[in-house]
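Taking it in order: structure first as structure tokens, then the write-up.
Protein chains in written order, with the numbering used here: chain A, 1 to 617; chain B, 618 to 1234.
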């Protein structure tokens, strides 16, 4: 049986009923009622409890109860009175569990016995009403900041209505782990909260309050943590408690869906621990590259884009048998130009002008990949097909673009396209090296989770690039075998205006496609009409000073507008950019040597400044 | 003579020529050319140097030269070759000084003698070309991270073309100071960079790269730092080096003006140190409250707003003799409703609908205040006046709203207004307690500097408030005598949409005015028709649990929709909000007791959720 899934209302945006409805809609079984969400709501606790029941949601916990234990009098007495008031609220809500987090007040007494006595008294009062108290160590608690300290106090207090609450963030953010948890009786583990986070070097309080992420979006070993808790015998709900400014500002259903997706993936990652989920996820696909990228165009844009691609050696290689769709091909690269009216592509063109509307990944088993996607809340999507044409399954990425699933080695072209004879230009591209997407602010973490969960891609750490008008945050997802590489960019610039190259694409998806060339210089030389992006001479002067390149080598780079990067192991990256097509997207020619595994980030500022200049012209 | 003022190109947005033009336009005398700005520019160093000369800007320094000293061979040799190339660039730019920052490479040798020998060699080569080398300790340098370590190395190297560069951020961010600087010969102090910053607990590298501020915007003792440097005999330029993501995304001239304003203020703050500025700033005004707030309205909005105010006991107390302007008054509060066509108010109404367009501060000496503002790059502004009417001087705030300057104790009403008889409603307001402005993202630091510099207000630390859809950052400026209090809010929510109460006002300036009442409950009770904001019952339940208020006291608060806060010293704050007027702004009734000096931030989430509900209806 999969673990019961719960989410704290603080994770989601909007008023309390919006949060509850979204949680229920996507499929959560329970919610933590976060106190501030109740205080700011104009319905009574009874009404909230009723709404939860109507929606089929259990109220798993009421939280937090702060700054309770080990206070001097008269605060101690007053805190117990306060607890009685909150017990009233819990009974009205219909939950039996309250979370007490360790006291942060400077006045907290440093005596564990006092803390234990206070919690015992609170538990005794709770038990009289059939309620329970869970105690959790806050990472920044005054006297108690580790779960072992909290457990010592719970053990000393020794009351059946008092137990321990664990939170992955509070433990992992301190560099701590769960070693020793097996000594805690399972019935004393009252509740489990999970949160991931990026590794940030800032104070743990700010880190916790603003930058938490859903499991799988960050860099903490949350799955290992959960496995340890399950092995210790915990069998209650897993509950998400994520404080994140971006999530609080995003549409509530999207975030709720991301939240549940993260727990479905976790379920699968802890398979083998007890309890075993009944229906394990189908395995992630083995990827073998990008079969094609599809552009939404109209007739005029199709002509223009075909001409633009022609300067790089592409040729029209096929026409769709029943739709206004053409195939442009150069070596191992397939680009589909779709101007069919009334299609998903037409919708996209309507919204964004010429833009990438789909991408096809080669997978070992499309059916299995589709089943996995469905289990991860990404339903299949099907474009209408003509008689005798192939039905290529697809799923929608979080921004609505399509990801087609093509069986590795199969020929998807012959059935649907009338292929046109012609020779390819030499030298040829070997395939698509990477596809870069510009996301709207607030969308990075959701995309990361989607690609990680559905396609099993690895996420590299976040990287920051300066552009002429702000900062671009970049995170790359890639297959372990590197046949698929998908850098994701988000511009942090708040303003949109002219001259903002990157942010102009925010939300419009793919802004750049890199083609792999065995010899980038030869390829550019063979494409004299290609509108390559001009690189300032100062760049080459600096390259000479930094890397000590030979004059001849420098001159060759400069002639072809090529940029150059080198990694610590001597891997080399030679690349050139085209100018942008209708200010919408551009192409890159890349040559990797010696195991170079990055994307020339050192050159990004030069590229972006050159593009800003080009746009100005 | 005031200190020569310089700015690093990295502080400003846009392409290199835009940066240089803005720096020259606002009045800088010099610029630091930041290497990356040159590398990404498609003009040659000669062209950049010529442009600077044409603009009347000295190139004060070329920077940074990284990871130079104490490297093992062959890197050492290669670094010296790299230096020669950079010397070429400097000569082309027309500057004689390069900044070498302490090496961050793991391979840096831990030997100060090696560092000294390398810098000596570099200085010797520079001297042959008439150039100089300045060495600066980066706060995160591998072996050298304090200015004293850098000075030890410069002293050991002992070359006339080698000196020390100081940077306030690198010293102050480490909690270090300049004690001992008097032992350094003045001729060894080659250059001075200044930057402020908020106090943030994060790693110093990220802090430095993203969150630096201009002096006066942050919390570091930059003026003390500068005073120490001047006392040590430094007589070169003061130069700003600010890495800030928001500044990089803002219009270049606005940021350049903020930058120069910060240095003009600094000049004044270090008066008494050597050299003495020739023309000290006129002293900041002594404030005595807010004489009036003025709203831009049209005829319909004037009627509606007058009616709205009437429910709070305001009455029409005067009509302007020559313009479509009326005075609404309640006790000590004056509100001006301006529907005059072709005025600054009309412009504002055109842009924002009904909105605050001006505010008048009572100052001891308007002429002196005006002269100070002018010296701080905030020129005077003058509305046209009718025959016999008063000419009230004003300056423009950074968002274009007007700040009038009224001499304390003078009567500005009798000349211009036909005052209407009538009794005020009792109980009366005693005055305007505070005026809250919602700023567009990226404008907080500029406003803070404006009010601090021009009016001598104190800035409290930044405060963060959760709203239902994101985070609001708040920082309050107030007069030392607390007669003027101006909280500034910025919504961090990226999206704008319905239901976003705070962000709806972003950029529209004042969104709320608080009136001081001796007895808030009595005032609200006397205003039964006032559309007060309804507060959920859960709020009062929690208040009871938290503060242990008496039932009668709670009931009285709840009846009048009053919120309550209490500070650690027992000061009390009782306040109530009106609903918003036409979804644009709202009013607050506040009662302070026992020295309470805050703004009820604990209740802000309750208020914002209630407003979001009201908006939805």
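Ideal placement from N, C-alpha and C gives every residue a C-beta, glycine not left out.
The model shown is predicted, which means the values in this text are computed figures rather than measured ones.
- Taking every protein chain shown into account, the CB of residue 1149 (chain B) has 16 or more other CB atoms within 10 angstroms, so this residue is buried.
- For the alpha helix (DSSP H) assignment, the uninterrupted runs of no fewer than 4 residues enclosed by the region 401 to 446 of chain A are, from N- to C-terminal side, 413 to 416.
- Take the alpha-carbon of residue 1058 (chain B) and the one of residue 38 (chain A): they are about 29 Å apart.
- By the C-beta density criterion, residue 663 (chain B) is exposed, having fewer than 16 other C-beta atoms within 10 angstroms.
- The continuous stretches of beta strand (DSSP E) do not include residue 789 (chain B), which lies in the alpha helix (DSSP H) extending over residues 785 to 789.
- DSSP places residue 89 (chain A) in the helix class (H, G or I) of the three-state scheme.
- Cβ neighbours of residue 232 (chain A) within its own chain (closer than 7 Å, five residues either side excluded): 181, 182, 184, 186, 189.
- At least one CB of chain B lies nearer than 8 Å to the CB of residue 40 (chain A).
- Along the region 1185 to 1218 of chain B, none of the residues has a CB nearer than 8 Å to a CB of chain A.
- Contact between residue 530 (chain A) and residue 574 (chain A) is absent: CB atoms are separated by about 16 Å, not below the 8 Å threshold.
- For residue 1154 (chain B), the nearest CB of chain A lies under 8 Å from its own CB, placing it at the interface with that chain.
- Residue 30 (chain A) is positioned such that its CB atom lies no closer than 8 Å to that of residue 354 (chain A).
- For the pair residue 486 (chain A) and residue 524 (chain A), the CB atoms are not nearer than the 8 Å cut-off.
- Counting along the chain, the unbroken alpha helix (DSSP H) around residue 1156 (chain B) starts and ends at 1154 to 1164.
- Residue 1046 (chain B) sits away from residue 889 (chain B), with the two beta carbons spaced by 8 Å or more.
- Listed along chain B, the residues sitting closer than 8 Å to residue 78 (chain A) by beta-carbon distance are 1165.
- Look at residue 125 (chain A): its C-beta is not under 8 Å from any C-beta on chain B.
- Secondary-structure assignment with DSSP links residue 563 (chain A) through a beta bridge to A:575.
- At least one CB atom of chain B sits nearer than 8 Å to the CB of residue 44 (chain A).
- Under DSSP, residue 645 (chain B) takes part in no beta bridge, so it has no partner.
- Within the same chain, 754 come within 7 Å of residue 766 (chain B) by CB-CB distance, once the 5 residues on both sides are set aside.
- Within the same chain, Cβ atoms closer than 7 Å to the Cβ of residue 451 (chain A) are found at 457, 477, 486, the five residues on either side in sequence being excluded.
- A Cβ-Cβ separation of about 4 Å places residue 600 (chain A) in contact with residue 565 (chain A) under the 8 Å criterion.
- In terms of beta-carbon proximity, residue 1088 (chain B) lines the interface with chain A, with at least one pair separated by less than 8 Å.
- Residue 611 (chain A) and residue 587 (chain A) have their alpha carbons spaced roughly 12 Å apart.
- For residue 392 (chain A), there is no enclosing alpha helix (DSSP H), as DSSP gives it neither H nor E.
- Taking 7 Å as the cut-off between beta carbons, the residues of the region 188 to 203 of chain A near chain B are 201, 202, 203, in sequence order.
- In this chain, the beta strand (DSSP E) harbouring residue 514 (chain A) covers 509 to 516.
- Considered as a whole, the region 835 to 861 of chain B harbours 855 to 857 as its complete beta strand (DSSP E) runs of no fewer than 3 residues, in chain order.
- A distance of 8 Å or more separates the beta carbons of residue 449 (chain A) and residue 473 (chain A).
- The beta carbon of residue 985 (chain B) lies closer than 6 Å to those of 899 in the same chain, with the five residues before and after it left out.
- Chain B places no beta carbon closer than 8 Å to that of residue 604 (chain A), leaving this residue out of the contacts.
- In the three-state reduction of the DSSP assignment, residue 998 (chain B) falls in the strand class.
- Under the criterion of beta carbons closer than 8 Å, residue 779 (chain B) and residue 761 (chain B) do not qualify as touching, at roughly 14 Å.
- In the DSSP annotation of this structure, the continuous segment of the alpha helix (DSSP H) that includes residue 256 (chain A) starts and ends at 252 to 269.
- Of the other Cβ atoms in all chains shown, fewer than 16 fall within 10 Å of the Cβ of residue 999 (chain B); this residue is therefore exposed.
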